[in-house]
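This report refers to the structure that appears directly beneath it.
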Amino acid sequence: MLRPKCRQVTGVDGVSAVRQGHVRSHHPTGAVMQTTAPGIGRRTLLALLGLTGVAALVRPSRAAAATNTTVAGQELTAIAANPSFAFATDLAGTAGSGETSPIDTAYWLGTYEVTNAQYLEFVTDSGRDAPSYWDGGTYPDGKADHPVLEVSLDSATAYCAWLTGQADADGWTFRLPTEAEWENAASGPDALTYPWGETAGTTYADLVLASNYNYMAVCAAYELAEHGDESATYTATGSDLYGQSFPISEILSIGSTGTVSGWNITASRTGFIYTDVYDALTDTGGYTTPVATYPGGVSADGVWDLCGNCWEWTTSVITATHGGEMGQQVNAIRGGSWYANLNSCTAIYRGEGRDPSGRYPTVGFRVAATEQSG
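As structure tokens, this is what we get:
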């Protein structure tokens, strides 16, 4: 799994933590349906919407049959118990070797990832530290309904406890999901590879990306469509191309199925993330999209963004098999992010984890909840 460039940040939740690269705010904040409008070409339609280069592959949503409720400002979706649940893979990714983890009780899962606006209420009320990409105590303009990032597991847990204590949460307990609960909701009753089916369905042609989720190709497609002819300069210390400039279209490329080349070439410290253009995208909390952007990515139960946008914390402790934490005891994160490659953004990809005290600009969270009986 590729990881963003890191730089050290201190004083995060009282400890040192690694801060990873993230991207600017003036970028597409929504997705468009692939459609034909009389008298309007596709590029013109996209330009009118301000989304040239990015589109969501919209399929009929299966959320109509979902059971939803709203408690303490959190929209929740009912997930059935699954006493026979087993992970699709083990932590090494071996198919059919996943351990069983019975889910004996039905539960509720956040319909959406927790947003900046929701987290602001918690920060204001509790006095907790705000994410570092916020300015003046609030989130960047236009990102109220984007997932909050740079929240440690400890702070996410505190957010759940705060919700539980709200007056309109009487009879409810909020918490974070286990890894089993997360995958059970993401893969659904048919144990799918993606929340929507067995294939990603991603395509790229004529500078337009069609995708059911937000991953690195969304950022790449936007840069190629809007700034492909502009130059980017390698600024990373130790880069084989340090100080040299190239058009973005010579650095990044996207294949017809959404694979991205030229994003991060670690050995030579080349690729898009080692340029000044990427550096300029690092101050406003990542290349996220609003939490209700991709209807084609909705799960069978009606949960959004279980793939892409941001990694999501779980309470399950694993020995990481991927990433910089490989071999360490960490909390499992699931779902991939705006920075992740397409292989990581599935309902069944495992092995990624993070230090529970760390705050990472690719990691957010969604809540789980139980309702007290009687």
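All residue numbers for the sequence shown refer to our numbering, where the first residue is 22 and numbers rise by one. Yeah, the Cβ is synthetic: ideal placement off N, Cα and C, and Gly gets one too. Predicted model, so just to flag it, every value in this text is computed and none were measured.
Setting aside the 5 residues that flank it on each side, Ser208 is surrounded in the same chain by Ala109, Ala368 and Ile369, each with a C-beta closer than 7 angstroms to its C-beta; the list follows chain order. Residues Gly374 of the same chain have their beta carbon placed closer than 6 angstroms to that of Glu346, with the five preceding and five following residues left out of the count. Fewer than three pairs of CB atoms, one per stretch, sit closer than 8 angstroms, so the segment 302-319 makes no contact with the segment 191-204. Around the beta-carbon of Gln350, fewer than 16 other beta-carbon atoms lie within 10 Å, marking it exposed. Nearest in C-alpha terms to Ser358, of all of His343, Gly348, Asn352 and Asn330, is Asn330. The three-state reading of DSSP puts Gly374 in strand, counting E and B together.
Here Ala353 is actually not in contact with Thr342; their C-beta atoms are around 11 angstroms apart, not less than 8 angstroms. Less than 8 angstroms divides the Cβ of Ala101 from the Cβ of Ala127. Residue pairing by DSSP places Arg355 opposite Glu333 in a beta bridge. Of the residues assessed, Glu251 falls on the exposed side of the cut-off, its CB having fewer than 16 other CB atoms within 10 angstroms.
Per DSSP, the continuous beta strand (DSSP E) segment holding Ala390 begins and ends at Ala389 to Glu392. The Cβ atoms of Cys181 and Val384 do not sit closer than 8 angstroms to each other. In the three-state scheme derived from DSSP, where H, G and I count as helix and E and B as strand, Tyr225 is classed as strand. Of the other Cβ atoms in all chains shown, 16 or more fall within 10 Å of the Cβ of Gly279; this residue is therefore buried.
The three-state secondary structure of Ile100, taken from DSSP, is strand.
Cβ contact annotation for Ser277 (same chain, cutoff 7 angstroms, sequence separation greater than five): Thr224, Tyr225 and Ala226, in chain order. DSSP links Ser173 through a beta bridge to no other residue. Taking C-beta separations shorter than 6 angstroms and ignoring five residues to either side along the sequence, the partners of Ala113 in its chain run Thr342, following chain order.
The C-alpha of Thr220 lies about 14 angstroms from the C-alpha of Asp211. Around the beta carbon of Glu333, 16 or more other beta carbons sit within 10 angstroms, so the residue counts as buried.
Approximately 6 angstroms separates the beta-carbon atoms of Leu170 and Pro152; this is inside 8 angstroms, confirming the contact.
In the three-state scheme derived from DSSP, where H, G and I count as helix and E and B as strand, Ile269 is classed as helix.
Per DSSP, the beta-bridge partners of Phe195 are Ala390.
Beta-bridge annotation (DSSP): Trp284 is not paired with any residue. For Asp304, the three-state secondary structure derived from DSSP is coil. Note on geometry: alpha-carbon atoms of Gln95 and Glu392 lie some 14 angstroms from one another. Taking Asp261 as reference, the option from Tyr243, Trp325, Gly292 and Leu245 with the minimal CA-CA separation is Gly292. According to the DSSP assignment, Thr145 belongs to the alpha helix (DSSP H) that extends over Asn137 to Ser147. Taking 8 angstroms as the cut-off, the beta carbon of Thr136 is found closer than this to the beta carbon of Val312. DSSP, read as helix, strand or coil, puts Thr185 in helix. For Tyr243, there is no enclosing beta strand (DSSP E); the residue is part of the alpha helix (DSSP H) that begins and ends at Met237 to His248. A Cβ-Cβ contact shorter than 8 angstroms links Leu174 with Pro377. For the 8 angstroms CB-CB criterion, Arg290 and Gly259 form a contact. For the set Ile269, Phe143, Trp325 and Ser176, the Cα lying nearest the Cα of Asn89 is the one of Trp325.
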